[in-house]
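Take a look at the structure below.
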Amino acid sequence: MPDVGCWLMAESTEGTDFRFMRPANDNAIGKISANGEITIELLERCLDRLAIAMERAPQGGEVYLPIFERLEAEIEAKKASESTMARALRRVRR
66 MPDVGCWLMA ESTEGTDFRF MRPANDNAIG KISANGEITI ELLERCLDRL AIAMERAPQG
126 GEVYLPIFER LEAEIEAKKA SESTMARALR RVRR
């Protein structure tokens, strides 16, 4: 199995900054779209890869729990946002 890549998240005054760390064999998890949007599918793949890294971690992976929880929260926030937008668009179309 290839090395695990990871998205790194950094908080700043301008919001959340996502940066991709490629695995040693350059096998990227996914790409950010041309407009810079990070999709739910991409976050889900990152969560999968992080779970693999947690399983392989010599210290048991507990050190990665905050990152795992943050990715889960980002996914839920994106889902909620998409749901809100869909509701707004349905209202316009009726």
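Residue numbers for the sequence shown follow my numbering, so the first one is 66 and each next one is one higher.
Glycine included, C-beta positions come from ideal geometry on N, C-alpha and C.
Given the structure is predicted, the values throughout are model-derived calculations rather than measurements.
Item                                                                                      : Value
Beta-carbon proximity of alanine 132 to leucine 115, cut-off 8 Å                          : It is worth fixing the name first, because residue 132 is isoleucine in this sequence and not alanine. Going by C-beta atoms, isoleucine 132 is nearer than 8 Å to leucine 115.
Exposed unless 16 or more other CB atoms sit within 10 angstroms - verdict on leucine 136 : buried
Alpha-carbon spacing of arginine 159 relative to tyrosine 129, whole angstroms            : 46 Å
Inter-residue CB distance, isoleucine 105 and lysine 144 (contact presumed, cutoff 8 Å)   : 6 Å
Endpoints, the alpha helix (DSSP H) within which isoleucine 103 is located                : Here isoleucine 103 belongs to no alpha helix (DSSP H), and DSSP marks it neither H nor E.
Alpha-carbon to alpha-carbon, valine 157 and alanine 118                                  : 44 Å
Opening and closing residue of the alpha helix (DSSP H) in which proline 131 lies         : 130 to 158
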